[in-house]
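Novice:
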Amino acid sequence: MNFADIHPYVYYATRYPFSKAQSSNNRVSYVASLYLISEGKGTLHTGGRTYETGVGSLVYVPAGQLHHWIADRDDPMVHVCCYFDWAYIDRQTHFSYPAKICFHSETLISHLIGPEFPYVLPVHLNVEKLRVWVDFFEKFYTDNQYVNDRTYMRNLRIQSNFQQFIEFYLTFALKKEHIPNLYMSKLLERLDQDLVQGKLQPFETYYRELSISRGYFFDLFKQATGMTPTQYVTQYRVNRAKEDLLFSSLTITEIAEKHGFSSLHYFSKLFDKLHGQSPRAYRDQNR
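To convert, note that position 173 of the sequence shown is 918 in the numbering used here; the numbers rise steadily by one, no gaps.
(1) With three or more C-beta pairs closer than 8 Å as the rule, is the stretch 848-865 touching the stretch 782-802?
(2) In this structure, what does DSSP give as the bridge partners for ASN900?
(3) Among LEU781, ARG1025 and TYR775, which has the Cα closest to the Cα of LEU857?
(4) Report buried or exposed for HIS1020, applying the criterion of at least 16 other Cβ atoms within 10 angstroms of its Cβ.
(5) Pop quiz: LEU965 and TYR951 are said to be a contact at Cβ under 8 Å. What is the actual Cβ separation, rounded to whole angstroms?
(6) Under DSSP, the beta strand (DSSP E) around ASP750 begins and ends at which residues?
(7) What residue range is occupied by the uninterrupted alpha helix (DSSP H) comprising ARG1025?
(8) Which same chain residues end up closer than 8 Å to ASP819 when comparing Cβ atoms and leaving out the 5 residues on each side of it in sequence?
(9) Distance, Cα to Cα, PRO807 vs CYS847?
(10) Where does LYS786 fall in DSSP's three states?
(11) With a threshold of 8 Å on Cβ separation, who are the neighbours of GLN946 within its own chain once the five nearest residues in sequence on each side are excluded?
(12) May I have the straight-line CA-CA distance separating ALA832 from VAL755, to the nearest angstrom?
(13) Report the three-state DSSP secondary structure of GLU922 (helix, strand or coil).
(14) Should ILE782 be labelled buried (16 or more other beta-carbon atoms within 10 Å of its own) or exposed?
(15) According to DSSP, is TYR981 part of a helix, a strand, or is it coil?
(16) Comparing alpha-carbon positions, which option in LEU932, THR788 and LEU779 lies nearest TYR957?
(17) Compute the Euclidean distance between the alpha carbons of ALA986 and PHE948, then round it to the nearest angstrom.
(18) Just how far apart, CA to CA, sit LEU1015 and MET972?
(19) Residues bridged to GLU1002 by DSSP?
(20) Is any non-hydrogen atom of the ligand NAP found closer than 8 Å to the C-beta of TYR864, if you look at the structure I gave you?
(21) Between the C-alpha atoms of ILE1000 and SER993, what's the straight-line distance to the nearest angstrom?
(22) Taking the CB atoms as reference points, tell me whether TYR805 and SER769 lie closer together than 9 Å.
(23) Assuming VAL823 is part of the beta strand (DSSP E), what are its boundary residues?
(24) If you reduce the DSSP assignment to three classes, tell me which class VAL877 lands in.
(25) DSSP beta-bridge partners for GLU949?
(26) Tell me the rounded alpha-carbon separation between GLY859 and GLY787.
(27) Would the stretch 809-823 and the stretch 872-891 be scored as touching if the rule is three or more Cβ pairs under 8 Å?
(28) Buried or exposed for ASN984, going by 16 or more other Cβ atoms inside 10 Å?
(29) Cutting at 7 Å between CB atoms, please list the residues of its own chain near SER850, excluding the five before and the five after it.
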């Protein structure tokens, strides 16, 4: 799955208390699921392993993975949980409920299993500040029902809250391995806004606001974007220039001036380096 295709969508989120020694039987969910143990204890069997869970356990089960829950006999667990896809899948013609669980593997419809996240996510983690996590979940509690004209506006709010939660979860689950530093994410939001509004500041302004050194700023920026700050800004300006080449009547000289290139020669040389052709050839070929 490509990161550009990821648009997390929650179908069902709730609080579920188990009874003493209650078991869920072997089951497979068509969608991914996250479980936070807010009270009690229990056991999870999945992926050929057994996990002992307690208060603060955060469990991720990918779509299509067999799993089996058993609550403790004396102190049964409470799940604060959600069922979601990494990208929305319409299953209405097959199931009455969007977050469908299969208890008989021979009836599983494999092509309806939700997509996987591009990186392996840990099955079991322990969280601190339990109340923070529970508060996140409570903001997107929703019934296991398809959206209709009466629930559409509420669903917009639920999905917005859920996406904020997913950002929080992924940052926690993946640490610094794959997800850009949170400070850099905020900085990139500001940088993009400054570029759009034509108010780009010297790079020194941005790294001083983060209270980090110039070298560390450049390292973090490269990790987050795959480019240096200069390359990032240049790529942005060239992309905006491409729009004008295709959709405006401005001359190439005017386009170079509009997007802050020091000269037509520099703009043409840079454009050719990035796209293998001159701005004029690009315009003639694509209009």
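For every residue, glycine included, the Cβ atom is placed at its ideal position computed from N, Cα and C. All of these numbers come straight from a predicted model, not from anything done at the bench.
Specialist: Quick look at the numbers:
(1) No: the two stretches stay apart, fewer than three of their Cβ pairs being nearer than 8 Å.
(2) On the sequence shown, position 155 is the one that residue 900 refers to. DSSP output for ASN900 lists no bridge partner at all.
(3) Mapped onto the sequence shown, residue 857 falls at position 112. Ranking LEU781, ARG1025 and TYR775 by Cα distance to LEU857 puts TYR775 first.
(4) Looking up residue 1020 in the sequence shown gives position 275. By the neighbour-count rule (16 or more Cβ atoms within 10 Å), HIS1020 is not buried but exposed.
(5) Here residue 965 refers to the residue found at position 220 when the sequence shown is read from its first residue. Here residue 951 refers to the residue found at position 206 when the sequence shown is read from its first residue. Between TYR951 and LEU965 the Cβ distance is about 11 Å, and since that is not below 8 Å, they are no contact.
(6) What you label residue 750 is simply residue 5 of the sequence shown in a count that begins at 1. No beta strand (DSSP E) contains ASP750, which DSSP labels as neither H nor E.
(7) The residue you call residue 1025 lines up with position 280 of the sequence shown. Residues 1024-1031.
(8) For this step, residue 819 is matched to residue 74 along the sequence shown. Same-chain partners within the cutoff: LYS765.
(9) Taking the first residue of the sequence shown as position 1, residue 807 is located at position 62. Taking the first residue of the sequence shown as position 1, residue 847 is located at position 102. Approximately 14 Å, taken between the alpha carbons.
(10) As a working mapping, residue 786 is identified with position 41 in the sequence shown. Three-state result, LYS786: strand.
(11) As a first step, residue 946 must be located in the sequence shown, where it is residue number 201. Only ASP939 meet the Cβ criterion.
(12) Along the sequence shown, read from residue 1 onward, the residue named residue 832 stands at position 87. Along the sequence shown, read from residue 1 onward, the residue named residue 755 stands at position 10. Cα-Cα distance, rounded: 9 Å.
(13) For the purposes of this step, residue 922 is identified with residue 177 of the sequence shown, where counting begins at 1. Unreliable placement is indicated for GLU922, whose pLDDT of 48 sits below 50; the coordinate value is still reported in the next sentence. Coil at GLU922, not helix or strand.
(14) Position 37 of the sequence shown, counted from the start, is the residue given in the question as residue 782. By the 10 Å Cβ count, ILE782 comes out buried.
(15) Position 236 of the sequence shown, counted from the first residue, corresponds to residue 981. Residue state, collapsed to three classes: helix.
(16) Here residue 957 corresponds to residue number 212 of the sequence shown, with the count starting at 1. The question names Tyr, but residue 957 in the sequence shown is Ile. Among LEU932, THR788 and LEU779, the Cα nearest to that of ILE957 belongs to LEU932.
(17) The residue you call residue 986 lines up with position 241 of the sequence shown. The residue you call residue 948 lines up with position 203 of the sequence shown. Each residue's Cα considered, the two are about 22 Å apart.
(18) Taking the sequence shown and counting its residues from 1, the one referred to as residue 1015 is at position 270. Taking the sequence shown and counting its residues from 1, the one referred to as residue 972 is at position 227. The straight-line gap from Cα to Cα measures roughly 16 Å.
(19) In the sequence shown, the residue the question calls residue 1002 occupies position 257. GLU1002 is not bridged to any residue.
(20) Among the components of this structure there are no ligands whatsoever, and the ligand NAP is therefore not found.
(21) Here residue 1000 refers to the residue found at position 255 of the sequence shown. Here residue 993 refers to the residue found at position 248 of the sequence shown. Whole-angstrom Cα-Cα distance: 9 Å.
(22) The sequence position of residue 805 within the sequence shown is 60, counting from 1. The sequence position of residue 769 within the sequence shown is 24, counting from 1. Not in contact: TYR805 and SER769 (Cβ atoms no closer than 9 Å).
(23) Taking the sequence shown and counting its residues from 1, one reaches residue 823 at position 78. VAL823 -> beta strand (DSSP E) spans 823-830.
(24) Residue 877 sits at position 132 when you count from the first residue of the sequence shown. It is helical.
(25) What you label residue 949 is simply residue 204 of the sequence shown in a count that begins at 1. DSSP, once it has assigned bridges, lists no residue as partnering GLU949.
(26) Within the sequence shown, the letter at position 114 stands for residue 859. Within the sequence shown, the letter at position 42 stands for residue 787. The straight-line gap from Cα to Cα measures roughly 26 Å.
(27) no
(28) Here residue 984 refers to the residue found at position 239 when the sequence shown is read from its first residue. It counts as exposed.
(29) Locating residue 850 in the sequence shown gives position 105, where the first residue counts as 1. For SER850, same chain residues with a beta-carbon under 7 Å away, outside a window of 5 residues either side, are VAL773 in chain order.
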